[in-house]
Amino acid sequence: MALSEPQFAALVDTSAGPDGRRQLIDLLGEDHPAYDQRGTAATVRMRGWALLALARIGLCEASLVFVLEELDTGTDPYLVAAAARALRSYPAPSAEFAPFLMRCIANIRYQDQPVSFHGYGEYALSSGSSPVRELLETLAWLGPLAIGILPDLETLRAQPGGFSKKLAVDLDHALASIRGAGQITSPASCCDLPGGLGRMLWASGRGGSEPVESIVFEDQQGESISFKDLFPGRPSIVVFFYTRCDNPLKCSLTVTKLARIQRSLESRGLIDQIGTAAITYDPGFDLPERLRLYGEGRGVRFDAQHRMLRATGGFSALRKHFRLGVNFIESLVNRHRIELFILDANGRIAAGFERIHWDESQVVDRAVEILKADVAAVSSRVPRQAASRTFGTLASLAVAFFPKCPVCWGAYLSMSGIAGIQRLRFSPALEAVLVLLMLVNVASVWRRGRATGSMLGSYLVSAGAIAIIASRFAPGWESVAVWGVWFTLAGSLWSVVNNKKAIPAHIAARLP
Amino acid sequence: MPSKRVGTKKPKSAARGAAATSTSSRNITARVAAITKSPLEACDSDDKLQSMLKVLRDTAEPIDVRLATLQALQAAAFSVVAFESCRGDYMATLRAVAEDADPELRQRVLGLLAREKDGFAQQKLLEGLKNPEKALVAPEKALQLLSYDVHADAYPVARAIIKNPPNPEAKREALRLLAADAASAPMFEKMLRDKDELAEIRQISASALHALQPAKMQAQAREMLLDTKEYPEIQATSLSALTNFGDAGAISADKPLMKRVTGLSGGPANKVKRTARQFLDKYDA
């Protein structure tokens, strides 16, 4: 453990200047080493203190997402209160903040309790600020920009016995500020979240370089399957969760939404073409039976393309590959963000959604785009590959039958009786080119063999090439040219058939 | 604050007796009756709530009255929606009295806060386990309260208590707490097979191992049944584990095991005999 809690607090305090903003933002990453081996309560104290430091120096676009994340999915009173306070330091109030604040009030109101911001790690022993008070004050700060949630707030005010007298005063103040003495602006006139935060999606290029293909998972039925056998072949929507997560707005909701995504895929006829997976952060505890019950309770569909998984080995490689926003105390999660990834048909990360709750239809639409891109890529690849294989095979055959001398060349041409090409001259250089093309064909078949996992075609083509070359250059070996030709033809044919098998059925079906 | 620590706590009856001498017992009884009569009135008005919270905080009030007030507030808090407006002040007051001199009040308040997964209470309980001088409740109680929250960071302390237990109850609670810790499976496996451990400790270990690594528990259960020197209680536990959670195909085909259980079904220990028969009813087709 690198820093003690007091040391962390001191680091945050010294970073709370204009030059320390980057440092504070780094400290809010769940995977920051400072949170490694901390309990959840310590993590809350530390993150809350960092949020309050950001509030002091002013929130910027890069740190805004951490605040909105807390308002969107937070259930801890201290963190929510700190986030609400920090939002007020953002230089450009936006109407888009209002729904986050209103949702947060609904989420936290029954867990409202006093919080203290005076010193690091302090717990309030008397009434003071609270998450709901901070949220109401932030709504007041938004003023007329929060007009879109005014009806909800008025309904809240009208509920008998809802808020205490103190909170009712804050609520009235927020209402008055929003009504803004008649300066109401239409919410439609306003903008999206800054920095495109309303669409928490990033494109490909996210995946780490860690070897994940060999990672072995166990699914909800106890069946083992490796990463390379599970994901390549079709796009997949992958979420992370763990069954002991006690925030209902995170893992439980994530898995529930995954089940809704499955239903959406089913209704669009894509359930066999786009896979889904929910992978646990807590593989030591989340045994197959727990995964199954957790998924069943949330309406998850299970079959070969739709599974809940735990990594039985290599979780740290998986964590690095996806750059998961999670940290642990021993094997137990102490904090995580919500995160969803879309993998392409090669198992590579093509898109992701994180921190803010994702919209199911948006995820499905993005997965469909990736599916279409995969189909288009394979469609353009197949004719090219077929042409390349045919050309390479013909080159091998040409080498086998290439005449050894100018006399043989003349005999071949006269046998052909094609008057038009009789003017072609025997050239050893042409033979060299054909040999080169044959070797290119061998290399190409080997590459395909490695990609498809079947090397038989490569072995046959290589044996064919060796036989052909031997027949050309080794005296007394001329007769093996026939074997060379047959091996080359058989290997090329195998490569074609096997490559078709490697194309997912749903993509192959769409190919011309 | 040694006067309020566990090791030097004043007997409950003595504390109440002292309070009773300063206030007439009839008055106390009447007040307790009035408070417990309609607990939900706590949130009828801010004034009522504040006066109840004041009583709870006031160390000069008789402890019976304070406990009754706490009970009334606890009952009111059960109605989450109705209690919404009172909740903030209530939580602050609970924290304020968590270190009260009265051990029963302290324990009850810490229990209420622990159920809320309150960071303040968890901090105090952990402090007490690490440093008994600061303990607000007995170690076994602290462990029990910390076990309400799997994220309470109590595993290292629980392991330390198992190594060096202050009393047998604390060791039992530490084991129960670690039953949710996947990393503790090897320790449970070792304890389960340790014939020098108490039967209760081994049974807790069996239950924990079943929760964490069911396959390992099944394998150990088989081994313990085949061990002719194993204690009858543990054999009965092993039989129950295999009967309820065993792989029917593998067990039915396991001739040494079937033979051994057949022998146990006619043995002298009643409990073993009964569970062995249940086992054979299920697997000996």
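So the protein lines, in turn, are chains A and B. According to my numbering, the first sequence holds residues 1 to 512 in order. According to my numbering, the second sequence holds residues 513 to 797 in order. C-beta: ideal position from N, C-alpha, C; glycine also.
Would you check if the distance between the CB atom of residue i and the CB atom of residue j is smaller than 8 Å?
i	j	result
A:R234	A:A259	no
B:E685	B:E652	yes
A:H357	A:E30	no
B:R627	B:Y667	no
A:A53	A:L24	yes
B:K783	B:T755	no
A:Q262	A:R301	yes
A:E360	A:K257	yes
B:A691	B:S719	yes
A:T254	A:Y294	no
B:S717	B:M703	yes
B:I540	B:T581	no
B:R734	B:L769	yes
A:L135	A:C104	yes
A:I271	A:L371	no
A:N334	A:Y35	yes
A:L71	A:A62	no
A:S462	B:A694	no
A:P93	A:L145	yes
A:I149	A:A81	no
B:S752	B:T774	no
A:R355	A:E154	no
Along chain A, which residues have their Cβ under 7 Å away from the Cβ of residue i?
i	result
B:M603	Q113 and P114
B:A694	G284, F285 and S331
B:Y667	E330
B:V592	Y110
B:Q747	The contacting residues do not exist; B:Q747 stays about 26 Å from chain A at best.
Run through chain B and tell me which residues come within less than 7 Å of residue i, C-beta to C-beta.
i	result
A:V216	Chain B residues near A:V216: none, gap ~16 Å exceeds 7 Å.
A:V44	G631
A:K165	D558
A:N334	H663
A:S130	G600
Which chain A residues sit within Cβ distance under 8 Å of residue i?
i	result
B:R607	Y123, A124 and L125
B:F632	Y123
B:Q732	Under the 8 Å cutoff, chain A gives no residues; its nearest Cβ is about 17 Å from B:Q732.
What's the call for residue i, buried or exposed, on a 16-neighbour Cβ count within 10 Å?
i	result
A:F217	buried
A:E122	exposed
A:Y110	exposed
A:A278	buried
B:A588	buried
B:K636	buried
B:A654	buried
A:S4	exposed
A:S479	exposed
A:V169	exposed
B:D759	exposed
A:R133	buried
Assuming residue i contacts residue j under a Cβ cut-off of 8 Å, what Cβ separation, rounded to an integer in Å, is found between them?
i	j	result
B:H663	A:T40	4 Å
A:I338	A:T138	Not a contact, Cβ separation roughly 22 Å.
A:F341	A:I349	5 Å
A:S458	A:G314	Their Cβ separation, rounded to whole angstroms, is 29 Å, which puts A:S458 and A:G314 out of contact at 8 Å.
B:A633	B:L641	At roughly 13 Å, the Cβ-Cβ gap does not stay under 8 Å, so B:A633 and B:L641 are not in contact.
A:P114	A:D219	About 45 Å separates the two Cβ atoms, so there is no contact after all.
A:V445	A:S492	7 Å
A:I468	A:M438	7 Å
A:S224	A:T276	Contact doesn't hold; Cβ gap of about 19 Å is too wide.
B:V479	B:L568	Residue 479 of chain B lies beyond the stretch modelled for chain B, which goes from 513 to 797, so this question has no answer here.
What residues of chain B sit near residue i, judged by a beta carbon separation below 8 Å?
i	result
A:G162	E596 and S597
For residue i, which residues in chain B fall below 9 Å Cβ to Cβ?
i	result
A:R244	V662, H663 and A692
Would you say the beta carbon of residue i comes nearer than 7 Å to a heavy atom of the ligand SAH?
i	result
A:V212	Here there are no bound small molecules, and the ligand SAH is not part of this structure.
Compare the C-beta of residue i against all C-beta atoms of chain D and say whether one is closer than 8 Å.
i	result
A:A41	In the displayed structure, chain D is absent; the protein chains listed are A and B.
For a contact defined as C-beta to C-beta under 9 Å, what are the partners of residue i on chain A?
i	result
B:Q656	Near B:Q656 there are no residues of chain A at all, since even the closest Cβ is about 18 Å away, more than 9 Å.
B:Q715	Those within 9 Å of B:Q715 in chain A number zero; the least Cβ separation is about 21 Å.
B:Q586	None at all; the shortest Cβ gap to chain A is about 16 Å.
Practice task
Write down every uninterrupted run of the alpha helix (DSSP H) in the stretch 442-488 of chain A whose length is 4 residues or greater and which is fully enclosed by it, in chain order.
Solution key: Correct list: 456-473.
Practice task
Quick one: which unbroken alpha helix (DSSP H) runs of 4-plus residues sit fully inside the stretch 694-769 of chain B? Chain order, please.
Solution key: Complete alpha helix (DSSP H) runs here, min 4: 697-705, 711-724, 726-738, 744-757 and 760-764.
Exercise for the section: Counting only runs of 4+ residues fully inside the stretch 612-663 of chain B, write out the alpha helix (DSSP H) ranges in chain order. Expected result: Qualifying alpha helix (DSSP H) stretches, in chain order: 615-627, 631-642 and 651-658.
Exercise for the section: Only counting runs of 4 or more residues, tell me where the alpha helix (DSSP H) segments fall wholly within the stretch 48-121 of chain A, in order along the chain. Expected result: The stretch 48-121 of chain A contains these whole alpha helix (DSSP H) runs: 61-73, 77-87 and 97-108.
Handout entry: Contiguous beta strand (DSSP E) assignments of at least 3 residues, all confined to the stretch 216-274 of chain A
Key = Considered as a whole, the stretch 216-274 of chain A harbours 216-219, 224-226 and 236-241 as its complete beta strand (DSSP E) runs of no fewer than 3 residues, in chain order.
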